[in-house]
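Notes follow once the structure below has been shown.
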Amino acid sequence: KFITQKQQEGTTLKREISILENQIARLRVNVLSTGRRIDLAGLEIKDLAGEISVTENKINRNKDSISGLLRRLDAIEKQNLAAIILANERLSDFFNHVEHINNLQEQLSANLNTFLVLKSELESKKEATESKKQEFEILNRRQQNQKTASERTQTAKNELLVKTKGQEKKFQELLPKRNEKRQNFIQN
2 KFITQKQQEG
12 TTLKREISIL
22 ENQIARLRVN
32 VLSTGRRIDL
42 AGLEIKDLAG
52 EISVTENKIN
62 RNKDSISGLL
72 RRLDAIEKQN
82 LAAIILANER
92 LSDFFNHVEH
102 INNLQEQLSA
112 NLNTFLVLKS
122 ELESKKEATE
132 SKKQEFEILN
142 RRQQNQKTAS
152 ERTQTAKNEL
162 LVKTKGQEKK
172 FQELLPKRNE
182 KRQNFIQN
């Protein structure tokens, strides 16, 4: 009866150790998976940072273009209409000058629209970057929790192994004595 009970305990302990080993393996896979997701999020953040830089450069070039167009239009507006008409030998030259002003205004309008689109893209990319940074932080915390859980499970397994080895040693010491008593009982 004692031997059977100890054998059942041994089977139960083996099952517990197996469960702990499976949990440890699953946690290690989770840690690796989370690590890969962290790496991917980091790369995405770098890509977004590069895109933000490119967009900021486009915005700066666009601002320079708008500023140049505004200076040219301001210089033209400061001229007296009578002086412009008199400065042109032909009436067609005057209308060419008016056409040039209209073209500058259209360019200014197009540049302003481009500026607004680029500004919107920039804000969107900054929001995406912030979102990825938050995801990155969440993944880092998750991975740390997974590592902690894995370490705790490993510690529990090790403690269980130490405890069972002591019991196994006692069992192995008692087993020959029990077998001897059984043999004596059967022979008598």
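So the number in this note's numbering is just where the residue sits in the sequence shown, counting from 1, plus 1. Glycine residues also receive a C-beta, built at the ideal position from the N, C-alpha and C atoms. Since we're looking at a predicted model, the values are computed, not measured.
What distance in whole Å lies between the Cβ atoms of K126 and T56, which are believed to be in contact at a cut-off of 8 Å?
Position 55 of the sequence shown holds residue 56. Position 125 of the sequence shown holds residue 126. That belief holds up - the Cβ atoms of T56 and K126 are roughly 6 Å apart, short of 8 Å.
L44, buried or exposed, once every other Cβ within 10 Å from all chains shown has been counted against 16
Position 43 of the sequence shown, counting from 1, holds the residue named residue 44. Exposed.
Out of K15, R29, R16, E22, which has the shortest C-alpha to C-alpha gap to Q145? In the sequence shown, the residue the question calls residue 145 occupies position 144. Comparing Cα-Cα distances from Q145 to each of K15, R29, R16, E22, the minimum goes to R29.
*Can you give the Cα-Cα distance for R27 and R38, rounded to whole angstroms?*
The residue labelled residue 27 in the question sits at position 26 within the sequence shown. The residue labelled residue 38 in the question sits at position 37 within the sequence shown. About 16 Å.
Contacting residues, own chain, Cβ-Cβ under 7 Å from K59 (five flanking each side not counted)
Your numbering for residue 59 matches position 58 in the sequence shown. Cβ within range, chain order: L119.
Check your understanding: Would the segment 62-79 and the segment 92-108 be scored as touching if the rule is three or more Cβ pairs under 8 Å?
Key -> Remark: three or more beta-carbon pairs, one from each stretch, lie closer than 8 Å, so the segment 62-79 and the segment 92-108 are flagged as touching.
* **Top-ranked residue by Cα proximity to K15, from N185, N159, K178** => Here residue 15 refers to the residue found at position 14 when the sequence shown is read from its first residue. Of the listed residues, the one whose Cα sits closest to K15 is N159.
Going by C-alpha distance, which of N31, Q188, N63, I25 is nearest L109?
Position 108 of the sequence shown, counted from the start, is the residue given in the question as residue 109. When only C-alpha atoms are compared, the closest one is N63.
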